[in-house]
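*Asks:*
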């Protein structure tokens, strides 16, 4: 206890320094003059509380650690049904989820469906980035650039050449993949942390270019009036444009604006299901195995005759193409895009989703994307604290559970002694 | 002298001013990288916190009626250094030390999380609006032909050069002469061996974070006074620029960071002179990409051999 006193005092002092000037005092702009205002008594009592907590925690750190060791850890693995039952139940479970996804929107409000569509976009982005960060272990901080490429591909092609959503979707993916390939080719030789910074720089370059190339992209004003997708040529607007037919006229039902929202949602579900399927398959192919092998040990991989550049490039390109699809859909859903939607923060949010879900685990990433988009919506008053929480979650996850909430499980065989 | 020459001269002066503050921030990146080989992504936020602390101290002291400007500025500098250093120390202690020895990607993700956290922490505590302060130090030396173009070196710019020079000299002396500086250099050469020789490497690593944060705070005070406006988002860009400077000079090398900072500042100022000024960020990032591709060791860095 005596020996812990000095570090505890030191930690409490540092905590006080961290908080007293930044939280305890506030700068206020009043016209041209700047004034300082002391915070109210409540804030100061919170600061005092924080200092005391840190002091006590440091003081009793060792007894606390000993106590924690003695606590029994709960074993939850026994709660899951055994392996054979799980494999048999799996297809039924997947079918149930898919049917649920398709039926659900007809029973709830428009706002909820719209939020679900947004969530699905993040699921797609998370799954795409998961290939790059989770499987291949390449930290990409400029992922949002490919998302922007996809969105602008659709917006520009539809504005200048009148191409439809369905024609642009593959093009957006292809173009984003090309960008990924062109950027990746020189950059992927770099070591992990350099790669992160270069991709971050690339993301910023794309955003600045979009912002300043006013002639083509409309600069900070963005592009508006982007067409919504249609169902085999049937439009979802109240009145059909020239030479087209609307959905409600074709089926002879009255116009309802929620048809459009539900249709967009169903398109998003379709895209996500395709993404999940493709990634799930590729993961089991030699290239998928090679990604993970490369992440674990590059030198061992090279000595086994795998070409690291090709493997990394394939992960990068494939990840970028999914961002392109997501971007194209995002542009169609919003009807308006501007460089504001493609800042570094967006990249960081997608990264937080991947990190929280457990790098490499698809189910984890999907659940994390749902949690990260829906939780802030449910608690509106927390909206302010959203980014603070994201940052905090990233740090705490890495400290306590770097493998994520639902870590990836590798199939393994065990010999059982009878 | 012709108008263009004078104009370029003015841009050079501006570039050297910004460049010297980049150099101050870049040292924090380079020292940490030199010892534990990680990019401290949250370093830019430490700089931003230094600026906020300086503003709070200056305004607070002026409101209290402390009239003498040098005393106010000196106190602001000291407060900013103390507060920023405690942030530097706390970040290392909380977010990086528990992860030491793990995979390289993990601390980088923590660092990004820390950066987002600190940025929003300041945004919530101090508001997200731009805060502007009237210039405390105005005037300067003017020369050149008043009819063609007048080149100005403001007192603020001279102060920035002076303070940067003093800080750099102090750092160089500390690293080369003092006992702790020697321990720092030993850690940069071989962390494990230094530990075996009975030096508490954890304390040395914490010390590098504190030194880096203190220099970032100095840069924060100087740039805050120079521009006169702050907001919670300035740390991100400044951090990226300083990192570019560190890489340009060769990451891990302290003289390299100084050189890289000055070079980057001048390049940016010259770009802004002849192209629309929005493109100066594009030039900085393109420079970063090009150096990493063609000369990853930078101008003064040593090549790194990857060991199995």
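Chains as they are written, first to last, in our numbering: chain A, 1 to 418; chain B, 1001 to 1308. All C-beta atoms in this analysis are idealised placements derived from N, C-alpha and C, irrespective of residue type, glycine included. Since this is a predicted model, take the numbers as computed values, not measurements.
Residue 1212 (chain B) lies in the alpha helix (DSSP H); which residues open and close that run?
*Replies:* For the purposes of this step, residue 1212 (chain B) is identified with residue 212 of the second chain, where counting begins at 1. Its alpha helix (DSSP H) spans residues 1201-1227.
*Asks:* Can you name the residues of chain B whose CB is closer than 8 Å to the CB of residue 116 (chain A)?
*Replies:* Walking along the first chain from the start, residue 116 (chain A) turns up at place 116. In chain order: nothing, as chain B lies at least about 26 Å away.
*Asks:* Within its chain, find whatever has a CB closer than 6 Å to the CB of residue 217 (chain A); leave out the 5 residues flanking it on each side and keep chain order.
*Replies:* Translated into positions along the first chain, residue 217 (chain A) becomes position 217. The answer, listed in chain order, is 210.
*Asks:* Which two residues bound the contiguous alpha helix (DSSP H) that contains residue 1280 (chain B)?
*Replies:* Position 280 of the second chain, counting from 1, holds the residue named residue 1280 (chain B). Start and end: 1279-1294.
*Asks:* Between the alpha carbons of residue 1181 (chain B) and residue 1026 (chain B), how many angstroms are there, rounded?
*Replies:* The residue labelled residue 1181 (chain B) in the question sits at position 181 within the second chain. The residue labelled residue 1026 (chain B) in the question sits at position 26 within the second chain. Answer to the nearest angstrom: the Cα atoms are 18 Å apart.
*Asks:* According to DSSP, which residues form a beta bridge with residue 26 (chain A)?
*Replies:* Residue 26 (chain A) sits at position 26 when you count from the first residue of the first chain. Answer is A:37, bridged to residue 26 (chain A).
*Asks:* Measuring only the C-alpha atoms, how far is residue 282 (chain A) from residue 131 (chain A)?
*Replies:* As a first step, residue 282 (chain A) is located in the first chain; it is residue number 282 there, counting from the start. As a first step, residue 131 (chain A) is located in the first chain; it is residue number 131 there, counting from the start. Taking the straight line from one Cα to the other gives about 10 Å.
*Asks:* For the 8 Å Cβ check, are there 3 or more pairs between the stretch 192-203 of chain A and the stretch 131-149 of chain A?
*Replies:* Yes: at least three Cβ pairs fall under 8 Å.
*Asks:* Where does residue 1230 (chain B) sit, in a helix, a strand or coil, going by DSSP?
*Replies:* On the second chain, residue 1230 (chain B) is found 230 positions in, with the first residue counted as 1. In the structure shown, residue 1230 (chain B) sits in a strand (DSSP, three-state: E or B).
*Asks:* Where in the stretch 354-396 of chain A do unbroken runs of the alpha helix (DSSP H), each at least 4 residues long, occur, reported from the N-terminal end onward?
*Replies:* Listed in chain order, they are 362-378.
*Asks:* Within 10 angstroms of its Cβ, does residue 291 (chain A) collect 16 or more other Cβ (buried), or is it exposed?
*Replies:* Reading the first chain from its first residue, position 291 is the one you call residue 291 (chain A). So residue 291 (chain A) counts as buried.
*Asks:* Are residue 1094 (chain B) and residue 51 (chain A) touching if we call contact CB-CB under 9 Å?
*Replies:* Here residue 1094 (chain B) corresponds to residue number 94 of the second chain, with the count starting at 1. Here residue 51 (chain A) corresponds to residue number 51 of the first chain, with the count starting at 1. No. Outside cutoff.
*Asks:* Give me the chain B residues within the contact set of residue 149 (chain A), using Cβ-Cβ distance strictly less than 7 Å, ordered along the chain.
*Replies:* Numbered from its first residue, the first chain carries residue 149 (chain A) at position 149. Within chain B, no residue comes near residue 149 (chain A); the closest Cβ sits about 17 Å away, beyond 7 Å.
*Asks:* Here's a check: name, in chain order, each residue in its chain whose Cβ is nearer than 8 Å to the Cβ of residue 1051 (chain B), leaving out the five neighbours to either side.
*Replies:* By 1-based counting over the second chain, the position of residue 1051 (chain B) is 51. Taken in chain order, the residues that qualify are 1080, 1220, 1221, 1223, 1224, 1230 and 1234.
*Asks:* Report the partner residues of residue 1140 (chain B) according to the DSSP bridge assignment.
*Replies:* Counting from one through the second chain, the residue named residue 1140 (chain B) turns up at place 140. DSSP output for residue 1140 (chain B) lists B:1154 as bridge partner(s).
*Asks:* Below 9 Å between beta carbons is the criterion; list the residues of the stretch 1118-1144 of chain B that meet it against any residue of chain A, in chain order.
*Replies:* Within the stretch 1118-1144 of chain B, the residues whose Cβ lies closer than 9 Å to some Cβ of chain A are 1118, 1119, 1120, 1121, 1122, 1123, 1124, 1125, 1126, 1127, 1129, 1130, 1131, 1132, 1133 and 1134, listed in chain order.
*Asks:* When DSSP labels each residue in this structure, what does residue 1131 (chain B) get in the three-state scheme?
*Replies:* Here the question's residue 1131 (chain B) lines up with position 131 in the second chain. In the structure shown, residue 1131 (chain B) sits in a strand (DSSP, three-state: E or B).
*Asks:* For residue 1074 (chain B), which option in B:1063, B:1054 and B:1064 has the closest C-alpha, if you only look at C-alpha atoms?
*Replies:* What you label residue 1074 (chain B) is simply residue 74 of the second chain in a count that begins at 1. Closest option to residue 1074 (chain B), Cα to Cα, is B:1054.
*Asks:* Using the rule of at least 16 other Cβ atoms within 10 Å of the residue's Cβ for burial, across every protein chain shown, is residue 346 (chain A) buried or exposed?
*Replies:* Against the first chain, residue 346 (chain A) aligns to sequence position 346. Result: buried.
*Asks:* Helix, strand or coil: which one does DSSP assign to residue 1012 (chain B)?
*Replies:* As a first step, residue 1012 (chain B) is located in the second chain; it is residue number 12 there, counting from the start. If DSSP states are grouped into helix, strand and coil, residue 1012 (chain B) belongs with the helices.
*Asks:* Checking the sheet assignment: what are the DSSP bridge partners for residue 1259 (chain B)?
*Replies:* For the purposes of this step, residue 1259 (chain B) is taken as the residue at position 259 of the second chain. According to DSSP, which records beta bridges pairwise, residue 1259 (chain B) is partnered with nothing at all.
*Asks:* Would you mind listing the alpha helix (DSSP H) stretches within the stretch 263-317 of chain A that are 4+ residues and don't spill past its ends, in chain order?
*Replies:* DSSP runs (the alpha helix (DSSP H)) wholly in the stretch 263-317 of chain A: 286-296 and 298-303.
*Asks:* Taking the CB atoms as reference points, tell me whether residue 22 (chain A) and residue 1183 (chain B) lie closer together than 9 Å.
*Replies:* Indexing the first chain from 1 puts residue 22 (chain A) at position 22. Indexing the second chain from 1 puts residue 1183 (chain B) at position 183. Going by C-beta atoms, residue 22 (chain A) is not nearer than 9 Å to residue 1183 (chain B).
*Asks:* First and last residue of the alpha helix (DSSP H) that includes residue 166 (chain A)?
*Replies:* Residue numbering aside, residue 166 (chain A) sits at position 166 when the first chain is read from its first letter. Run containing residue 166 (chain A): 165-187, per the alpha helix (DSSP H) assignment.
*Asks:* Contact between the stretch 1009-1025 of chain B and the stretch 1262-1281 of chain B is defined here as three or more beta-carbon pairs at a separation below 8 Å; is this criterion met?
*Replies:* Yes, the stretch 1009-1025 of chain B is in contact with the stretch 1262-1281 of chain B.
*Asks:* Around the Cβ of residue 227 (chain A), are there at least 16 other Cβ atoms within 10 angstroms (buried) or fewer (exposed)?
*Replies:* If you number the first chain from 1, residue 227 (chain A) lands on position 227. Flag for residue 227 (chain A) reads buried.
*Asks:* At 7 Å on the CB atoms, spell out the chain B contacts of residue 402 (chain A), in chain order.
*Replies:* Indexing the first chain from 1 puts residue 402 (chain A) at position 402. Within chain B, the residues near residue 402 (chain A) are 1106.
*Asks:* When you compare the CB positions of residue 1103 (chain B) and residue 190 (chain A), do they come within less than 9 Å of one another, or not?
*Replies:* Here the question's residue 1103 (chain B) lines up with position 103 in the second chain. Here the question's residue 190 (chain A) lines up with position 190 in the first chain. Contact flag unset, no.
*Asks:* For the stretch 1071-1089 of chain B, enumerate the residues whose C-beta is nearer than 8 Å to any C-beta of chain A, in chain order.
*Replies:* Within the stretch 1071-1089 of chain B, the residues whose Cβ lies closer than 8 Å to some Cβ of chain A are 1079, 1082, 1083, 1086, 1087 and 1089, listed in chain order.
*Asks:* Hey, would you say residue 274 (chain A) sits closer than 9 Å to residue 122 (chain A), going by beta carbons?
*Replies:* Translated into the one-based positions of the first chain, residue 274 (chain A) becomes position 274. Translated into the one-based positions of the first chain, residue 122 (chain A) becomes position 122. No. Outside cutoff.
*Asks:* What does residue 186 (chain A) touch in chain B if you count any residue whose Cβ is under 7 Å from its own?
*Replies:* Locating residue 186 (chain A) in the first chain gives position 186, where the first residue counts as 1. Within 7 Å Cβ-Cβ: 1293.
*Asks:* So residue 406 (chain A) and residue 358 (chain A) are in contact, right, with Cβ under 8 Å, and what is the actual spacing, rounded?
*Replies:* Taking the first chain and counting its residues from 1, one reaches residue 406 (chain A) at position 406. Taking the first chain and counting its residues from 1, one reaches residue 358 (chain A) at position 358. Yes, they are in contact, since the Cβ atoms of residue 406 (chain A) and residue 358 (chain A) sit about 5 Å apart, within 8 Å.
*Asks:* Could you give the first and the last residue of the continuous alpha helix (DSSP H) run that contains residue 70 (chain A)?
*Replies:* Stepping through the first chain from its first residue, residue 70 (chain A) is reached at position 70. Run containing residue 70 (chain A): 61-70, per the alpha helix (DSSP H) assignment.
*Asks:* Are any of the Cβ atoms in chain B nearer than 9 Å to that of residue 373 (chain A)?
*Replies:* Counting from one through the first chain, the residue named residue 373 (chain A) turns up at place 373. By this cut-off, residue 373 (chain A) is not an interface position.
*Asks:* At the level of alpha carbons, what is the spacing between residue 222 (chain A) and residue 151 (chain A)?
*Replies:* On the first chain, residue 222 (chain A) is found 222 positions in, with the first residue counted as 1. On the first chain, residue 151 (chain A) is found 151 positions in, with the first residue counted as 1. Their backbone Cα atoms lie some 11 Å apart in a straight line.
*Asks:* If distances are taken between C-alpha atoms only, which option among B:1190, B:1167, B:1301 and B:1251 comes closest to residue 1038 (chain B)?
*Replies:* Here residue 1038 (chain B) is taken as the residue at index 38 of the second chain, counted from 1. Out of B:1190, B:1167, B:1301 and B:1251, B:1251 has the C-alpha closest to the C-alpha of residue 1038 (chain B).
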